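Step one of this worksheet: look at the structure below.
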Amino acid sequence: MRRIYQLLLRLFPAEFRDEYGSEMTAVFLEQDRRAAGVARLGLWGHTLADLSLGALQEASATAASDLRHAFRRLRAQPGLTAVAILSLAVGIGANTAIFSVLQSTVFADLPFADPKSLVMIWTRPLRGDGAGLNYSADFLDWRARARSFAQLALFTSPERFTLTSDGIYPERVGHQSVSSAFFPMLGVRPRLGRFFTEEDALAGETTALISERYWHQRFGGRPDIIGRKIVLDGAVETIIGVVPPAFDAGWLSKDVDVWGPINLAPSSDWIERKIRWLGAAGRLRQGVTLPQANAELKLIAAQLAETYPRSNRGWTTFAEPMRDAVNSQWRFIVVPMTAAVVFVLLIACANVTNLLLARAATRRRELALRAALGAARGRLRRELLADGFAIAIPGALLSLPVAWAGIRLFLFFADFFPVGMPEAGRTGLSWPVLAFSAAIAVIAAVLTALAPAWMGSRINLTESLKDGEHGTVSRSPLRKALVVGEFALTMVLLTSAGLMIHATLRARALTLGFQPDPVVTVELDLYGPRYARQAPKRDIGMREVQPTVPRFIDRLLASLREEPNVQSAALGSALPMVPTPIPGKPFRIAGIAPSPDHHAGLACVTSGYFETLGIPVPSGRAIGGQDRAGTPWVAMVNQAFVQCFLGGQNPIGQTLTLQGDPQELPRRIVGVVADHRSTRRFGASPTIYMAYGHQPALIPGDYQSFRLRPQLLIKTRASAAAIQKTVQDAVSRIDSALPVPSVKPLVSRIEEDTASQRFHLWLLTLLAGLALLLAAVGIGGLMHNVVVERLPEIGVRMALGADQRNIIGLILRGGMILAVSGLLLGTASTLAAQRLFARFLFGVTPVDPAALTGAAFVLLLVAALACYWPARRAAGTDPLNVLRRS
Amino acid sequence: MTDPSELLPLPPAAFHILISLGDRDRHGYAILQDVAERTGGAFSLGPATLYTNIKRLLSQGLIEEISARPALDDERRRYYRITRFGRRVARAELDRLESAVRQAKASLARG
Chain R
1 MRRIYQLLLR
11 LFPAEFRDEY
21 GSEMTAVFLE
31 QDRRAAGVAR
41 LGLWGHTLAD
51 LSLGALQEAS
61 ATAASDLRHA
71 FRRLRAQPGL
81 TAVAILSLAV
91 GIGANTAIFS
101 VLQSTVFADL
111 PFADPKSLVM
121 IWTRPLRGDG
131 AGLNYSADFL
141 DWRARARSFA
151 QLALFTSPER
161 FTLTSDGIYP
171 ERVGHQSVSS
181 AFFPMLGVRP
191 RLGRFFTEED
201 ALAGETTALI
211 SERYWHQRFG
221 GRPDIIGRKI
231 VLDGAVETII
241 GVVPPAFDAG
251 WLSKDVDVWG
261 PINLAPSSDW
271 IERKIRWLGA
281 AGRLRQGVTL
291 PQANAELKLI
301 AAQLAETYPR
311 SNRGWTTFAE
321 PMRDAVNSQW
331 RFIVVPMTAA
341 VVFVLLIACA
351 NVTNLLLARA
361 ATRRRELALR
371 AALGAARGRL
381 RRELLADGFA
391 IAIPGALLSL
401 PVAWAGIRLF
411 LFFADFFPVG
421 MPEAGRTGLS
431 WPVLAFSAAI
441 AVIAAVLTAL
451 APAWMGSRIN
461 LTESLKDGEH
471 GTVSRSPLRK
481 ALVVGEFALT
491 MVLLTSAGLM
501 IHATLRARAL
511 TLGFQPDPVV
521 TVELDLYGPR
531 YARQAPKRDI
541 GMREVQPTVP
551 RFIDRLLASL
561 REEPNVQSAA
571 LGSALPMVPT
581 PIPGKPFRIA
591 GIAPSPDHHA
601 GLACVTSGYF
611 ETLGIPVPSG
621 RAIGGQDRAG
631 TPWVAMVNQA
641 FVQCFLGGQN
651 PIGQTLTLQG
661 DPQELPRRIV
671 GVVADHRSTR
681 RFGASPTIYM
691 AYGHQPALIP
701 GDYQSFRLRP
711 QLLIKTRASA
721 AAIQKTVQDA
731 VSRIDSALPV
741 PSVKPLVSRI
751 EEDTASQRFH
761 LWLLTLLAGL
771 ALLLAAVGIG
781 GLMHNVVVER
791 LPEIGVRMAL
801 GADQRNIIGL
811 ILRGGMILAV
821 SGLLLGTAST
831 LAAQRLFARF
841 LFGVTPVDPA
851 ALTGAAFVLL
861 LVAALACYWP
871 ARRAAGTDPL
881 NVLRRS
Chain X
1001 MTDPSELLPL
1011 PPAAFHILIS
1021 LGDRDRHGYA
1031 ILQDVAERTG
1041 GAFSLGPATL
1051 YTNIKRLLSQ
1061 GLIEEISARP
1071 ALDDERRRYY
1081 RITRFGRRVA
1091 RAELDRLESA
1101 VRQAKASLAR
1111 G
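Quick mapping for you: the protein sequence lines, in order, are chains R and X.
Here my numbering is used: the first residue of the first sequence is 1, the next is one more, and so on.
Here my numbering is used: the first residue of the second sequence is 1001, the next is one more, and so on.
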């Protein structure tokens, strides 16, 4: 009994135990002696409750009193304390802000039932990575053979259809076809009506679902919507249900307002192995893990490759968590930021530790005396630990406004560049974020106070009493190591920021090979039934381009070129340095042996395209107005093409044929275009330019935007509003129903491409700057202590003839040795982690001497400045005064 | 601290300890027994509650530890005595409780 009770007494602080432990044990034993039978059981229950409550009370009272004393001690050095608290507030605040962003991006749960069991299924080449779309026929095989999935669903990428209905003007709406399992798999319930059944799917495209947003916008939220007819790209369909708004958040169906069914009957037109163009998702059966599901999918893919070698050999299938697929783009932004803020926190902690070590040093004699007089070492340790908490608690409180400002700043940058943050509204100071902040504060308090507490409790009495008033802790290797560590971390951050700054500067200085200014662009959308129809069912996924497309293009350009404020106008399928998702194609050149390497990028252009962009045509002629439908097909190639495939020989008059499409005709090469930069990271790639009039009528899904989303380019000095009106008028004279999006300068379209890189750059530079500031405070603080401790020595040196320059040099040298050590350590770590850099920082070369030199220069400059003030103070001392005092 | 009202209301355990020391000096276990007896077992203190409260009462100057003890008593026992200030605080707490009881009775009578 006694031993158990005494063991439980360990819950109490040592001083309380020493004072009252034996009494308490005696009282308990007395109680125990008098109790018998069941009463004894009751006594134990009562005692346990009594002990835990009492221990809690006592511990909190002791902690409160320790903290009170710690606060009082820190008030004696208000300047240093404020700097330490601010350092920590910045460190904790930055971490809290990034955690909040992480929570609403990378860790955000999808708005579906049991989101963890949802996966995306992708097809990819066996050799290579990436995640691609799937064959519809493969999907049927997975559904028949895979045991890992409770549900599997197939869907198309969102497309634009033209919708008409009573009282609604024809308008373009986002449309997506989905298999009947799609919504049930996601656990979504209809807001009104019902979702698709197998029967709906078998009946073909006769039924449709609309989004709640569209229901309210266009149908006034009327309940009699069910059964209403709409016309989608010419086909009459009946609305059978309304999809709830929670679904809007899902990126699966971004901007979709109308859904149609996919018919999965094996004889259906949908089922084929010609084009991988369908998305697939599934819900894992309960108890099935992702690796199990992946093993099964891989096995089925191998079986399919044997059965259908033509279409499936060399390809495999895999699943990934749906959340990762959705949030993957954020990982690349947030992960480097997380690393950066952790660095900032570590630097802040190192600063606070240094301050506490300095304080512990000034109290060495006091602590040693108290230890000698019988104070428990545990108590001294606790006091020093309380110092850490006394800084961490106000630091944590102050970190909340810092975090709030950090979140605002992040959202501002995300909006400014813009990087399209889906759940910006969910980023804020929620309860989990506050809990995280508190946890970080506790960790920071323990981290910062651990070393001082440990050192403080191991004070050697005789040595301490022999030492001077200040002790020698500032010369202790630990304090120096901390400053070196701070500089190493700062160097890593500075280098990463430097890498990105340098990459951006390099990109700015590129020779473009074209003149983006003063060209404005408008992306037209010709997906409507007037220009392209869904191909007959045997060619699912294909569209048939109507002869109206080249006619529209000709009339539009003719009309625009008559306008006085238009210097030149043209259309093209792509804009240089603006990414387009158009894949290239293999080709053959008559008279040259075919090769698998014969693969080039494609572009459709009209007359005036090169002139508008200021791209020279060094030989032959440019595609012109004469290259209309019905004339022999022609093509132009760029110089990179000539170098790459023709060994630099004159290509004019040669014939090339694009492969993979029976409707393709041979094209005679009529001209060569000068190279211009097509992407920011790469120079010119081999490209074939063609006329809009010289194209097959049927086009598969991945080439549709190539033909149906032409970029209108206008060289003009007119204002944006004026040119917008010019374009609007010209378009509506030809097709009044065609919407005209806003006109954008080509320069800003190019900038959009680099938004995410610049967003990164700004945030990283900001954090690197913060780290640098904290590191400067750290080294400044340490050197200040060094000066204070060495004042007598400095006094002697000055009395013996050292001048101010010598003293400044002495102190600066001491600081700079530390800064240079940190610099070397940081550089070594950067070089060691260069693979990580290449992975997470866009467009940078990991070993970049310019970035390393720049970072080193900034670091040393700041370190020198931070050491200069204490050095000046040292040099300004009056040797007589100092010597008299010591 | 000279104003007893600054310490009010007293925690119940502290109040019972002061009352128990009101008529004579006692050691810990005696206080425990006395409180149990006086309240008919309705309020029973455990050793931890007892000594955490004793520690606080000592630091507030409401009780003091005394060295005088009866002959033949166990030497390990520590005896406590209520101070003059302690009596004033206990009386103030009693007044507070009485007034609360009066008010409660009046309020019920009116209903």
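The C-beta atom is built at its ideal place from N, Cα and C for all residues, glycine as well.
Quick caveat, the model's predicted, so the values are computed rather than measured.
Can you give the beta carbon distance from residue i to residue j, rounded, assuming they're within the 8 Å contact cut?
{"i": "residue 1047(X)", "j": "residue 32(R)", "result": "Their Cβ separation, rounded to whole angstroms, is 11 Å, which puts residue 1047(X) and residue 32(R) out of contact at 8 Å."}
{"i": "residue 780(R)", "j": "residue 869(R)", "result": "7 Å"}
{"i": "residue 899(R)", "j": "residue 567(R)", "result": "No information on residue 899(R) is available, as it lies outside the stretch 1 to 886 that chain R covers here."}
{"i": "residue 590(R)", "j": "residue 654(R)", "result": "7 Å"}
{"i": "residue 153(R)", "j": "residue 181(R)", "result": "4 Å"}
{"i": "residue 639(R)", "j": "residue 674(R)", "result": "6 Å"}
{"i": "residue 119(R)", "j": "residue 290(R)", "result": "7 Å"}
{"i": "residue 915(R)", "j": "residue 767(R)", "result": "Because chain R is modelled from 1 through 886, residue 915(R) falls outside the range shown and cannot be assessed."}
{"i": "residue 665(R)", "j": "residue 633(R)", "result": "5 Å"}
{"i": "residue 311(R)", "j": "residue 283(R)", "result": "Actually they do not touch by this definition, with Cβ atoms about 27 Å apart."}
So which residues on chain R does residue i lean against when the C-beta distance must stay under 7 Å?
{"i": "residue 1032(X)", "result": "27"}
{"i": "residue 1076(X)", "result": "22, 26"}
{"i": "residue 1028(X)", "result": "23, 27"}
{"i": "residue 1051(X)", "result": "20, 23, 24"}
In terms of alpha-carbon separation, which member of the options lies closest to residue i?
{"i": "residue 219(R)", "options": "186(R), 164(R), 176(R), 271(R)", "result": "164(R)"}
{"i": "residue 265(R)", "options": "204(R), 824(R), 131(R)", "result": "204(R)"}
{"i": "residue 211(R)", "options": "371(R), 883(R), 719(R), 257(R)", "result": "257(R)"}
{"i": "residue 102(R)", "options": "322(R), 112(R), 338(R)", "result": "338(R)"}
{"i": "residue 231(R)", "options": "161(R), 572(R), 119(R)", "result": "161(R)"}
{"i": "residue 185(R)", "options": "235(R), 116(R), 222(R), 694(R)", "result": "116(R)"}
{"i": "residue 347(R)", "options": "769(R), 851(R), 235(R), 323(R)", "result": "769(R)"}
{"i": "residue 888(R)", "options": "392(R), 620(R), 803(R), 369(R)", "result": "The shown model of chain R, from 1 to 886, leaves out residue 888(R), and the question about it has no answer."}
{"i": "residue 110(R)", "options": "806(R), 322(R), 278(R)", "result": "322(R)"}
{"i": "residue 629(R)", "options": "550(R), 302(R), 573(R)", "result": "550(R)"}
{"i": "residue 820(R)", "options": "859(R), 834(R), 848(R), 791(R)", "result": "859(R)"}
{"i": "residue 48(R)", "options": "86(R), 7(R), 26(R)", "result": "7(R)"}
{"i": "residue 556(R)", "options": "519(R), 503(R), 712(R), 434(R)", "result": "712(R)"}
{"i": "residue 259(R)", "options": "747(R), 155(R), 324(R), 274(R)", "result": "155(R)"}
{"i": "residue 607(R)", "options": "600(R), 617(R), 42(R), 662(R)", "result": "617(R)"}
{"i": "residue 23(R)", "options": "1110(X), 1070(X), 1049(X), 1095(X)", "result": "1049(X)"}
{"i": "residue 803(R)", "options": "874(R), 862(R), 778(R)", "result": "874(R)"}
Taking residue i as the query, report the chain X residues whose CB atoms sit under 8 Å from its CB, ordered along the chain.
{"i": "residue 756(R)", "result": "The contacting residues do not exist; residue 756(R) stays about 59 Å from chain X at best."}
{"i": "residue 55(R)", "result": "1048"}
{"i": "residue 30(R)", "result": "1029"}
{"i": "residue 760(R)", "result": "The contacting residues do not exist; residue 760(R) stays about 56 Å from chain X at best."}
{"i": "residue 69(R)", "result": "Those within 8 Å of residue 69(R) in chain X number zero; the least Cβ separation is about 15 Å."}
{"i": "residue 46(R)", "result": "1044, 1046"}
Which chain R residues sit within Cβ distance under 9 Å of residue i?
{"i": "residue 1055(X)", "result": "16, 19, 20, 58, 61"}
Tell me which residues share the same chain as residue i and place their Cβ nearer than 7 Å to its Cβ, disregarding the 5 neighbours each side in the sequence.
{"i": "residue 12(R)", "result": "55, 58"}
{"i": "residue 855(R)", "result": "491, 494, 495, 498"}
{"i": "residue 390(R)", "result": "67, 70, 71, 74"}
{"i": "residue 724(R)", "result": "742, 743"}
Under 9 Å between beta-carbons, which chain X residues line up against residue i? List them in chain order, please.
{"i": "residue 41(R)", "result": "Neighbours of residue 41(R) on chain X: none; closest Cβ ~15 Å, over 9 Å."}
{"i": "residue 50(R)", "result": "1045, 1046, 1047, 1048, 1049, 1050"}
Whose C-beta lies closer than 8 Å to the C-beta of residue i among residues of the same chain, with five residues either side of it excluded?
{"i": "residue 334(R)", "result": "98, 101, 102, 105, 106"}
List the residues of chain X that residue i touches, going by C-beta distances under 7 Å, in chain order.
{"i": "residue 7(R)", "result": "Chain X residues near residue 7(R): none, gap ~14 Å exceeds 7 Å."}
Only counting the same chain, and skipping five residues up and downstream in sequence, which positions put a Cβ closer than 6 Å to that of residue i?
{"i": "residue 831(R)", "result": "none"}
{"i": "residue 445(R)", "result": "388, 389, 392"}
### Task
Taking only runs that begin and end inside the region 204-248 of chain R, name each unbroken alpha helix (DSSP H) of 4 or more residues, in chain order.
212-219
### Query
Curious, which full-length beta strand (DSSP E) runs of at least 3 residues does the region 564-592 of chain R contain?
568-572, 585-589
### Query
Which ranges does the alpha helix (DSSP H) cover as unbroken runs of at least 4 residues, wholly within the region 94-182 of chain R, from first to last along the chain?
136-145
### Task
Quick one: which unbroken beta strand (DSSP E) runs of 3-plus residues sit fully inside the region 662-723 of chain R? Chain order, please.
667-673, 687-691, 698-700, 711-715
### Message
In chain order, what are the residue ranges of uninterrupted beta strand (DSSP E) at least 3 long that sit wholly in the region 276-304 of chain R?
### Response
278-284
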